[in-house]
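Numbering (the working numbering), first residue to last: 6 to 475.
Ideal placement from N, C-alpha and C gives every residue a C-beta, glycine not left out.
Remember, predicted model here, so these are calculated numbers, not experimental data.
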């Protein structure tokens with residue numbers, strides 16, 4: 006494990022950076038302060054290109070501005086910001102310092118600060134999702150789908166309220182998360198592509214651009230098209246916040262799916278259940294004082310990440326409110342939005358690593374199933390009796406279960422002593438009777454459903470793998 010930088014405040018920059026430096030570096034290329042400056046400079050370059058296309062400046066001047074924007078360093082901008090006390094003006098000044106006097110007037114012409122920052126942030130987040138987060142989530146989906154298919158026929162006791170209910174298969178249980186994650190992957194991809202930019206000026210009314218263009222909205226579209234973005238329907242000084250709120254919700258609800266899966270698998274690792282387990286390294290320590298322990302720490306860690314980032318959705322909702330055409334109450338809070346992307350990435354990466362080596366104890370699943378299999382036939386018995394015409398089948402079976410529990414005998418054995426139920430039992434088919442004596446057969450279409458869910462979502466997600474986002 007690489008050394009931790011102990012002189013930091015956020016664990017994202019210390020412990021989590023050290024745990025996976027390659028992933029940190031990859032995301033920093035899109036989400037860091039350095040990336041913010043680089044993307045803002047890209048927006049300034051696109052503006053110059055559009056101005057040249059409209060004949061406001063020459064192509065040569067636009068090219069000079071583009072080269073200067075590409076050469077800007079965060080250190081230069083920071084140094085200039087110490088003087089200006091304004092980050093975007095500092096960026097503009099640095100770009101202007103790198104071009105000829107003839108080109109300087111066209112840097113930032115018609116734009117306001119948030120035209121640059123909101124557009125750059127949309128680009129940063131969209132690119133981080135396209136190039137990093139979506140591939141990660143799809144990799145995790147592949148792992149879950151593989152488990153669901155592999156364990157499609159592995160009988161497991163289904164549980165509701167923590168109690169044994171009726172049989173399912175473990176593959177069917179995992180297929181729930183295959184479907185839920187598939188839906189969230191689509192949501193994240195769509196929300197990222199829906200992030201918008203703007204080039205509408207200080208209050209969103211195109212005041213400055215209208216001095217030069219009869220169609221300032223079309224000019225805005227031209228600038229953003231260079232960057233592969235679209236404008237919102239109407240902006241104030243800021244882009245309508247709902248695009249970012251929808252994006253944040255897609256991330257947080259994805260974390261919810263990852264957290265729910267982790268919670269389920271964590272509980273299945275309880276000593277008294279023991280149906281699955283994390284692979285344990287030879288020298289790994291589970292407890293500082295109990296050498297025998299093997300804690301489900303990776304799954305607990307993912308749930309903990311969910312707890313960290315989910316409350317931030319409230320801040321995103323609060324950022325929907327901005328006084329009149331804009332205030333600065335979203336300035337500090339907006340700087341933390343990129344952490345939602347990285348938090349989702351951390352959880353996804355952790356689950357991918359542990360799910361590659363997830364141990365499924367089929368023998369223990371069978372053992373747990375056998376503990377109560379004689380009682381779970383109460384449901385099919387009640388339903389079959391009712392279908393055969395018994396006037397009060399549920400009550401009859403309820404009383405039968407109480408008697409079986411009292412006597413400590415299997416429900417089907419107790420059933421043989423109740424001759425009054427024979428007329429209805431005689432109406433059942435051999436296949437229906439078999440379910441009562443072989444409850445492992447009472448799994449419905451769990452196996453078929455598990456495979457069908459994986460197949461359906463694999464087809465749906467194929468478009469995302471090919472870079473097509475609907």
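Item, Value
"Just how far apart, CA to CA, sit residue 292 and residue 413?", "Its pLDDT being 42, under 50, residue 292 is placed unreliably in this model, and the value from its coordinates should be taken loosely. Residue 292 and residue 413: Cα-Cα distance of roughly 40 Å."
"How far does the beta strand (DSSP E) with residue 503 in it extend, from its first residue to its last?", "Since the first residue of the chain shown is 6 and the last is 475, residue 503 is not available in this structure."
"Where residue 14 and residue 20 are concerned, what is the direct C-alpha to C-alpha distance, given to the nearest angstrom?", "10 Å"
"With H, G and I counted as helix, E and B as strand and the rest as coil, what does DSSP make of residue 395?", "coil"
"Going by DSSP, what residue range makes up the alpha helix (DSSP H) through residue 48?", "38-58"
"Is residue 168 helix, strand or coil by DSSP?", "strand"
"Which residue or residues does DSSP assign as beta-bridge partners of residue 173?", "161"
"With a threshold of 6 Å (Cβ to nearest heavy atom), would residue 125 be considered close to the ligand ZN?", "The ligand ZN is absent from the structure shown, which contains no ligands of any kind."
"Assuming the contact rule is C-beta atoms closer than 8 Å, residue 133 and residue 32 should be a hit. Round their C-beta distance to whole Å, please.", "6 Å"
"Where residue 200 and residue 306 are concerned, what is the direct C-alpha to C-alpha distance, given to the nearest angstrom?", "30 Å"
"Does the contact criterion of 3 or more C-beta pairs under 8 Å hold for the segment 155-175 versus the segment 365-380?", "yes"
"Whose CA, out of 257, 275, 229 and 324, lies closest to the CA of residue 310?", "257"
"Go ahead and pull the three-state DSSP assignment for residue 239.", "coil"
"For chain C, check one thing: does any of its Cβ atoms lie closer than 7 Å to the Cβ of residue 25?", "This model lacks chain C altogether; it includes just one protein chain."
"What did DSSP end up calling residue 424 once you bin it into helix, strand or coil?", "helix"
"If I'm right that residue 22 touches residue 11 with Cβ under 8 Å, what's the distance once you round it to whole angstroms?", "With 8 Å as the limit, residue 22 and residue 11 do not qualify as a contact, their Cβ atoms being about 12 Å apart."
"Are the segment 136-149 and the segment 357-369 touching, with three or more C-beta to C-beta distances below 8 Å?", "yes"
"List the DSSP bridge partners of residue 202.", "236"
"Write down the C-beta distance between residue 99 and residue 113 rounded to the nearest angstrom, noting that I regard them as a contact closer than 8 Å.", "About 11 Å separates the two Cβ atoms, so there is no contact after all."
"Kindly indicate which three-state DSSP category residue 448 falls into: helix, strand or coil?", "coil"
"Spell out the partners DSSP gives residue 364 in its beta bridges.", "282"
"Does the beta-carbon distance from residue 124 to residue 48 come in below 7 Å?", "yes"
"Which of the three DSSP states is assigned to residue 15 in this structure?", "coil"
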